[in-house]
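Residue numbers (my numbering), protein chains in the order written: chain A, 12 to 212; chain B, 12 to 212.
Number of protein chains: 2
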Amino acid sequence: MARRSAGIRRDSAETRDRLLDSAALLLGERGTAFTLPDLARAAGISSATVYRHFADVQEVHREFYYRLIDELVGDLGKVSARARGRRRFDAICDRWAACAALWGRAATHIRSAEGFLARVHRADPPTSALYGILAPVIEELAEDGTIPAQDTDYAVLVWITMFDERVIVDLAESLRWPTKRIGRTLSASVLGALGHGGAPG
Amino acid sequence: MARRSAGIRRDSAETRDRLLDSAALLLGERGTAFTLPDLARAAGISSATVYRHFADVQEVHREFYYRLIDELVGDLGKVSARARGRRRFDAICDRWAACAALWGRAATHIRSAEGFLARVHRADPPTSALYGILAPVIEELAEDGTIPAQDTDYAVLVWITMFDERVIVDLAESLRWPTKRIGRTLSASVLGALGHGGAPG
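Below you can see the structure in the form of structure tokens.
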């Protein structure tokens with residue numbers, strides 16, 4: 012019995028993941044203008060099953076976004092553990108641009124109207140996890156003198172604002188910049204915005 | 012007859028303005044979750060009249076946003092005509108923060124998924140008008156040596172990204188910064204991001 016329920020739970024998690032993969036494709040192609048039956052069709056799963064997983068399409072948008080931030084936090088966390096100081100900052104920026112190049116187009120359609128710091132202050136889990144990766148990097152840059160001592164909340168806000176997925180997609184599609192150039196240029200702009208005296212990249 | 016139609020047109024424009032004023036209040040209070048009958052009630056105007064002005068609530072959102080950008084472009088244009096160089100840049104930043112402090116909360120609920128440069132490149136009228144105010148200021152700063160010579164499209168993108176209304180509302184509400192401090196700090200961050208060597212404000 013225990014093995015059977017574990018199997019059912021695993022099937023259920025796999026179905027949910029498959030639905031969120033299809034939601035990502037639909038969001039990238041046509042934005043938020045799709046219904047739960049559209050999602051069922053796109054994933055090749057019955058509508059009845061889709062309704063067991065999601066109450067409405069807004070829940071799909073939210074879950075897609077949460078999974079995406081979870082994956083981003085996981086990716087940035089791994090990169091962050093491997094370096095220190097300026098190299099750590101640059102490695103995070105490079106990886107962030109590479110991640111957003113993959114799912115950025117879908118993500119531009121899902122955006123909280125609530126500010127980043129407002130979500131951090133009310134301890135919203137995905138936002139707080141992202142803040143938890145970025146804030147120590149800012150503090151380290153201030154300690155080693157790369158940037159002047161400053162308000163960590165403001166500095167993290169500048170960082171996430173410049174790495175907005177709409178900005179990254181715009182640079183890739185409107186200016187045809189390769190991902191590496193996007194990461195390097197945005198990282199130089201963020202450092203400049205935070206008072207680093209070096210020339211921009 | 013001619014006088015009578017001009018009067019009708021004026022009444023109609025006044026009704027539309029009044030509806031958009033009410034839409035701004037509703038957006039600020041409860042986001043996009045309102046219907047055309049809700050808007051009619053809030054404005055004290057019959058539903059039939061509202062339906063003569065707008066096909067659906069999405070059209071209300073769009074018109075609200077267009078009017079807002081029109082007003083912003085008018086305001087920034089006036090400020091821009093009065094100064095040159097760094098003082099012109101600072102005056103625009105101050106005014107922008109002051110404008111966004113008024114309507115920012117409502118505007119955070121309305122946001123194009125399409126990038127700023129993508130809209131400029133397809134000559135979207137409100138976006139192009141805003142670009143038309145900001146681009147010459149960037150070019151002037153590069154000419155007088157305040158910032159290094161650089162890609163104007165990228166520089167304007169950095170500027171509008173940092174002056175995102177969600178950022179301005181977040182700084183006002185989460186960090187309780189006064190409008191003047193928001194304008195000054197964001198303007199110093201934008202200059203720093205564009206390679207100006209000075210210390211941030």
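Ideal Cβ placement from N, Cα and C applies to all residues, glycine included.
Straight-line gap, residue i to residue j (C-alpha atoms, nearest Å)
i, j, result
"T196 (chain B)", "T60 (chain A)", "51 Å"
"A183 (chain B)", "G194 (chain B)", "11 Å"
"L50 (chain B)", "L113 (chain A)", "39 Å"
"A146 (chain B)", "V201 (chain B)", "14 Å"
"V84 (chain B)", "A118 (chain B)", "15 Å"
"G208 (chain A)", "Q69 (chain B)", "45 Å"
"L31 (chain B)", "L38 (chain B)", "10 Å"
"W188 (chain B)", "D181 (chain B)", "9 Å"
"L79 (chain A)", "T43 (chain A)", "16 Å"
"L87 (chain A)", "D162 (chain A)", "22 Å"
"I103 (chain B)", "S91 (chain B)", "6 Å"
"R93 (chain A)", "A140 (chain A)", "18 Å"
"I149 (chain B)", "R122 (chain A)", "29 Å"
"D101 (chain A)", "H120 (chain B)", "32 Å"
"D105 (chain B)", "R99 (chain B)", "10 Å"
"P48 (chain B)", "D28 (chain A)", "39 Å"
"S33 (chain A)", "D81 (chain A)", "18 Å"
"G212 (chain B)", "A199 (chain B)", "The predicted position of G212 (chain B) is uncertain, since its pLDDT is 36 and thus under 50; a value taken from the coordinates is nonetheless stated next. For G212 (chain B) and A199 (chain B), the distance between alpha carbons rounds to 6 Å."
"A53 (chain B)", "F45 (chain A)", "30 Å"
"F65 (chain B)", "K89 (chain B)", "31 Å"
"A35 (chain A)", "R21 (chain A)", "21 Å"
"T138 (chain A)", "R41 (chain B)", "22 Å"
"G115 (chain B)", "G96 (chain B)", "27 Å"
"G203 (chain B)", "T26 (chain A)", "47 Å"
"T190 (chain A)", "I144 (chain A)", "22 Å"
"G55 (chain A)", "D67 (chain A)", "18 Å"
"S57 (chain A)", "S58 (chain B)", "40 Å"
"R192 (chain A)", "V71 (chain B)", "39 Å"
Nearest candidate by alpha-carbon position, reference residue i, set the options
i, options, result
"P159 (chain B)", "B:D67, B:I103, B:S33 and B:L205", "B:L205"
"S185 (chain A)", "B:R192, B:Y165 and B:T190", "B:Y165"
"Y142 (chain B)", "B:R122, B:H120 and B:W170", "B:W170"
"L168 (chain A)", "B:P137, B:M173 and B:R41", "B:M173"
"R63 (chain B)", "B:A24, B:A35 and B:K191", "B:A24"
Checklist entry - Does the pairing of the stretch 108-116 of chain A with the stretch 131-149 of chain A give three or more beta-carbon distances under 8 Å? => result Judged by Cβ distances under 8 Å, the stretch 108-116 of chain A makes no contact with the stretch 131-149 of chain A, as fewer than three pairs qualify.
Checklist entry - Between the stretch 174-189 of chain B and the stretch 116-129 of chain A, do at least 3 Cβ pairs fall closer than 8 Å? => result yes
Next on the checklist: Three Cβ pairs or more, each shorter than 8 Å: is that satisfied between the stretch 144-161 of chain B and the stretch 61-79 of chain B?
Outcome noted: no
Next on the checklist: Give me the subset of the stretch 117-147 of chain A whose CB atoms are less than 7 Å from a CB atom of chain B, sorted by chain position.
Outcome noted: T119, H120, R122, A124, G126, F127, L128, A129 and H132
Next on the checklist: By the 9 Å beta-carbon criterion, what residues does the stretch 162-176 of chain B contribute toward chain A?
Outcome noted: D162, D164, Y165, L168, V169, T172, M173 and D175
Item to check | Residues of the stretch 180-192 of chain B with Cβ closer than 8 Å to any Cβ of chain A, in chain order | outcome: V180, D181, L182, E184, S185 and L186
Next on the checklist: Tell me which residues of the stretch 32-47 of chain A have at least one Cβ-Cβ distance to chain B shorter than 9 Å, keeping chain order.
Outcome noted: G42 and T43
Item to check | Against chain B: residues of the stretch 66-94 of chain A by CB proximity under 9 Å | outcome: none
Item to check | Proximal residues, the stretch 103-114 of chain B versus chain A, C-beta separation under 8 Å | outcome: Taken residue by residue, none of the stretch 103-114 of chain B has a beta-carbon sitting less than 8 Å from a beta-carbon on chain A.
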